[in-house]
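Shown next, in structure tokens, is the structure this report addresses.
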Amino acid sequence: MALILPVLKGLVNVMEIVTFIQFIEEEAIQSAALGVFLAIRGKSYRGASLGITLLRGQLIPHLRDINDVVVMVA
Numbered sequence: 658m659a660l661i662l663p664v665l666k667g668l669v670n671v672m673e674i675v676t677f678i679q680f681i682e683e684e685a686i687q688s689a690a691l692g693v694f695l696a697i698r699g700k701s702y703r704g705a706s707l708g709i710t711l712l713r714g715q716l717i718p719h720l721r722d723i724n725d726v727v728v729m730v731a
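Here it is in structure tokens:
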């Protein structure tokens with residue numbers, strides 16, 4: 658039983674790190690979405706297009722990949 662406690666503490670630390678990474682990824686997605694909104698509001702459709710491309714091409718798939726790995730680990 659004494660050997661299991663350090664392993665469980667290590668697992669908790671890993672999950673805290675993963676949660677922090679997920680938080681940062683979600684904030685990046687929210688910032689990009691706000692940028693798209695402001696670009697559309699300012700009639701900068703090129704800027705909005707770039708923001709949507711960033712969201713769909715990099716940010717959202719990256720968070721999905723992280724979540725898929727976390728599910729497998731959990």
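Quick note, in the numbering used here, the sequence shown goes up one by one and the last residue is 731. Where is the CB? At the ideal position from N, CA and C, for every residue including glycine.
Residue-level contact to chain B via CB, residue i, 8 Å cutoff
i	result
residue 674	Within the model displayed, chain B is absent; a lone protein chain is all it includes.
Terminal residues of the alpha helix (DSSP H) in which residue i lies
i	result
residue 706	702 to 711
Own chain partners of residue i with C-beta closer than 7 Å, once the 5 adjacent residues on each side are dropped
i	result
residue 704	696
Separation of residue j from residue i, as counted between CA atoms
i	j	result
residue 693	residue 670	35 Å
residue 688	residue 700	18 Å
residue 717	residue 680	13 Å
residue 714	residue 706	12 Å
Cβ shell of residue i (< 8 Å), same chain only, five flanking positions each side left out
i	result
residue 709	693
Same chain only: Cβ atoms within 6 Å of residue i, ignoring 5 sequence neighbours per side
i	result
residue 685	716
Nearest-angstrom Cβ-Cβ length linking residue i and residue j, presumed shorter than 8 Å
i	j	result
residue 720	residue 683	7 Å
Is there contact between the region 719 to 729 and the region 675 to 687, where contact requires at least three CB pairs shorter than 8 Å?
The answer is yes - the region 675 to 687 touches the region 719 to 729, with three or more Cβ pairs under 8 Å.
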